[in-house]
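Some notes on the structure that comes next.
Protein chains: 2
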Amino acid sequence: MESDTLSDPLANLITNYHELNGSTVDELPAVPSALEFMRYVARNRPFVVRGGAKHWPACRKWNATYLRKVIGDSTVKVANTPLGNADAIVEQNEGSLLFVEPHETDEPFEDFLGYVQEDSTFPEDRLQDRHVKYAQTQNGNLPTEYPSLLADVPPDVPFATEALQQPPDAQNFWLGNHRSTTALHKDNYENIYVQIIGQKHFVLLPPVEVACANEQPVTRARYVPASGETGKLVIDVDEVAEAVPTPTWDPDEPNVRATAYSELSRPLRVTFEAGDMFYLPAMWYHKVSQSNGPEGFAVAVNYWYDMSFDGGFWT
Amino acid sequence: MESDTLSDPLANLITNYHELNGSTVDELPAVPSALEFMRYVARNRPFVVRGGAKHWPACRKWNATYLRKVIGDSTVKVANTPLGNADAIVEQNEGSLLFVEPHETDEPFEDFLGYVQEDSTFPEDRLQDRHVKYAQTQNGNLPTEYPSLLADVPPDVPFATEALQQPPDAQNFWLGNHRSTTALHKDNYENIYVQIIGQKHFVLLPPVEVACANEQPVTRARYVPASGETGKLVIDVDEVAEAVPTPTWDPDEPNVRATAYSELSRPLRVTFEAGDMFYLPAMWYHKVSQSNGPEGFAVAVNYWYDMSFDGGFWT
Chain S
1 MESDTLSDPL
11 ANLITNYHEL
21 NGSTVDELPA
31 VPSALEFMRY
41 VARNRPFVVR
51 GGAKHWPACR
61 KWNATYLRKV
71 IGDSTVKVAN
81 TPLGNADAIV
91 EQNEGSLLFV
101 EPHETDEPFE
111 DFLGYVQEDS
121 TFPEDRLQDR
131 HVKYAQTQNG
141 NLPTEYPSLL
151 ADVPPDVPFA
161 TEALQQPPDA
171 QNFWLGNHRS
181 TTALHKDNYE
191 NIYVQIIGQK
201 HFVLLPPVEV
211 ACANEQPVTR
221 ARYVPASGET
231 GKLVIDVDEV
241 AEAVPTPTWD
251 PDEPNVRATA
261 YSELSRPLRV
271 TFEAGDMFYL
281 PAMWYHKVSQ
291 SNGPEGFAVA
301 VNYWYDMSFD
311 GGFWT
Chain G
1 MESDTLSDPL
11 ANLITNYHEL
21 NGSTVDELPA
31 VPSALEFMRY
41 VARNRPFVVR
51 GGAKHWPACR
61 KWNATYLRKV
71 IGDSTVKVAN
81 TPLGNADAIV
91 EQNEGSLLFV
101 EPHETDEPFE
111 DFLGYVQEDS
121 TFPEDRLQDR
131 HVKYAQTQNG
141 NLPTEYPSLL
151 ADVPPDVPFA
161 TEALQQPPDA
171 QNFWLGNHRS
181 TTALHKDNYE
191 NIYVQIIGQK
201 HFVLLPPVEV
211 ACANEQPVTR
221 ARYVPASGET
231 GKLVIDVDEV
241 AEAVPTPTWD
251 PDEPNVRATA
261 YSELSRPLRV
271 TFEAGDMFYL
281 PAMWYHKVSQ
291 SNGPEGFAVA
301 VNYWYDMSFD
311 GGFWT
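Residue numbers (this note's numbering), protein chains in the order written: chain S, 1 to 315; chain G, 1 to 315.
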């Protein structure tokens, strides 16, 4: 592969991209102006503002006691997976791949939060049969499922709303713990991501690395409760749904399902702390894991803005 | 071709681009802010501000008398071509292609301007043996060759300088007449183009139409005076220079040197009048012809800003 780089336009493209772009995520000294933000959108490059949201009421007020108080036993949607592999590729014994969505349950918030926190009290070897819960609905769940938290976060990100000339399309709330990892994927949204409690660890690939990510049509499936075995989840294949192109390469297991181009990938790795504000440009691949805050869970909020599909970039 | 569009990713790309983007150049009601400009840079889309430069001293003051007065007999660089085909593809009798640069001469400005104006006094059939002159050096010639005009135009375009965080790389002066046409080409600059006298007619193709433009390595050549025949220009092939990738398709002769994709091209055609300000995004193909103002010539000024080569767009 290496010796072919010069003659292979795709390899050249990836290599040139890395030569022209930094190998780290830019750190801005303060929340950007709309113009400063638009320069990043134009270049489709990420940035982080360390502490950029630390003055948000959410960053000052949210903890287990406060969340229990204001959300109480309201019903929230919870993603259940056996191993924390939410929306992930699962390789079957015979080698075929499935994209498995979580088993979704409606639970009183207090019960859900308690379960998430209790994970930290188990020794590692006793966790294996205890499935993983994660609030991660990504459908604008903050105003619909968590309306009592709305007062603690701004309704939009002003610099992004001004630059992109639109309000956010969705405002999402994420609560989980160290056991959940979101597999490598991309979204067709401009994403402003704010860590509130704990840490999130992002692995990032620019869109030019599409040839590294080994996108393949993968059959859809879903975890469902095993009949007769309480708490056990099994995979239910969706025989009807069309297979959807899905990245099948994992930058943390670079030799598994690699393409000839995967070794050219230069993943950016960045950790966000409570109060950090992150711009994840549209169509960037990202894999996300998390570390708990002091009370055994992590919380984030994000704002999705519709990306521009005109111009040339979306290609 | 048409029936293959669905299965051919490149044809799909071009067709989708046209579906998602307008078929005209946006007209802005006023000179944009830096942020408004940056949105166009981000989308790599052109716009025109009709009359956006009409308050410039150049637009009020420049005419043949004024230019003669302030430039006088200063030496300027003039491009000479037999047919007005400056920097153009020339097909040889045997079918091979050459990219022929003009014969460049140093001339007193007054003589040059007189020659350009006199073209309008000749009947068409007597012009054929009279070669065409065009001031079009494109190397930042305004400050170097026309310093006496600098006071009449702003040193930069403030919204572009603010947005792109840099002064212009070059400020160019163009003076020619209806006989000169610049062949389809692209520049790796963000271009702010201001018409001062007469009209310019642009034919524009977005970068996604690269497959329509039929870029091929073409041998370099140059017009040189024929020995012993005053005023006659002949082609001198540069046997040493490497052939350079050059668009060989002409949207005004769509059936000549067309590729399988050329019929998918949807050229934008737009005419700029005196006082109009135009943003030509980096890497857009453009072919430019002109119409004379009231005194038999056309003048334009443009500002080239270095494009951003980082981010993903340059690909």
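We put the beta carbon where it would ideally sit given N, CA and C, even for glycine.
Interface residues of chain G facing residue i [CB-CB closer than 7 Å]
| i | result |
| --- | --- |
| ASP156 (chain S) | Chain G residues near ASP156 (chain S): none, gap ~17 Å exceeds 7 Å. |
Residue i at chain G interface by Cβ criterion, 7 Å
| i | result |
| --- | --- |
| THR315 (chain S) | Caution is warranted here: a pLDDT of 46 is assigned to THR315 (chain S), below 50, making its placement in the model unreliable, and no coordinate value can be reported. |
| MET1 (chain S) | Reliability fails at MET1 (chain S), whose pLDDT of 42 lies under 50, so the model's placement of it is uncertain and the value that follows must be treated cautiously. Taking Cβ atoms only, chain G never reaches closer than 7 Å to MET1 (chain S), which makes this a no. |
| ASN21 (chain S) | yes |
| ASP26 (chain S) | no |
| LEU35 (chain S) | yes |
| TYR305 (chain S) | no |
| GLU295 (chain S) | no |
| ASP4 (chain S) | At ASP4 (chain S) the pLDDT is 48, less than 50, meaning the model places this residue with poor confidence; the figure from the coordinates comes in the next sentence. Not an interface residue. |
| ILE14 (chain S) | no |
Partners in chain G for residue i, counting only beta-carbon separations shorter than 8 Å
| i | result |
| --- | --- |
| ALA11 (chain S) | What ALA11 (chain S) touches in chain G: nothing, since even the nearest Cβ is about 13 Å away. |
Per DSSP, the bridge partner or partners of residue i
| i | result |
| --- | --- |
| TRP56 (chain G) | For TRP56 (chain G), which the question treats as bridged, DSSP gives no partner whatsoever. |
| GLU91 (chain G) | G:LEU97 |
| LEU28 (chain G) | G:VAL49 |
| TRP304 (chain G) | G:ALA170 and G:ASN191 |
| GLN117 (chain G) | In DSSP, GLN117 (chain G) forms no bridge with anything. |
| ASN85 (chain G) | G:THR181 |
| VAL234 (chain G) | G:VAL224 |
| ALA260 (chain S) | Note: ALA260 (chain S) sits in no beta bridge, so no partner. |
| VAL70 (chain S) | Partner(s): none; VAL70 (chain S) has no beta bridge. |
Residue i - containing alpha helix (DSSP H), residue span
| i | result |
| --- | --- |
| ASN63 (chain G) | Unbroken run through ASN63 (chain G): none, as it is neither H nor E. |
| PHE37 (chain G) | 34 to 43 |
Proximity test, Cβ basis, 7 Å: residue i and chain S
| i | result |
| --- | --- |
| ALA30 (chain G) | no |
| ASP8 (chain G) | no |
| ALA298 (chain G) | no |
Residue range of the beta strand (DSSP E) that includes residue i
| i | result |
| --- | --- |
| PRO108 (chain G) | 103 to 108 |
| ALA241 (chain G) | Counting along the chain, ALA241 (chain G) falls outside any beta strand (DSSP E), and DSSP gives it neither H nor E. |
| ASN12 (chain G) | Where ASN12 (chain G) is concerned, there is no enclosing beta strand (DSSP E), although the alpha helix (DSSP H) it sits in stretches over 9 to 20. |
| ARG269 (chain S) | 268 to 272 |
| THR81 (chain G) | 75 to 81 |
| MET383 (chain S) | Here chain S covers residues 1 to 315 and nothing more, so residue 383 (chain S) does not appear. |
| LYS287 (chain G) | 285 to 291 |
Interface residues of chain S facing residue i [CB-CB closer than 9 Å]
| i | result |
| --- | --- |
| ASP310 (chain G) | TYR17, LEU20, ASN21, GLY22, ARG43 and ARG45 |
Under 7 Å by beta carbon: chain S residues contacting residue i
| i | result |
| --- | --- |
| ARG39 (chain G) | MET38 |
| ALA163 (chain G) | LEU35 |
The ligand GTP heavy atom lying under 6 Å from the CB of residue i
| i | result |
| --- | --- |
| GLY296 (chain G) | Ligands displayed in this structure: none; no statement on the ligand GTP is therefore possible. |
Suppose only complete runs of 3+ residues qualify. What are the beta strand (DSSP E) ranges in the region 194 to 229 of chain S, listed by chain order?
199 to 205 and 215 to 225
Where in the region 121 to 181 of chain G do unbroken runs of the alpha helix (DSSP H), each at least 4 residues long, occur, reported from the N-terminal end onward?
124 to 127, 141 to 145 and 158 to 164
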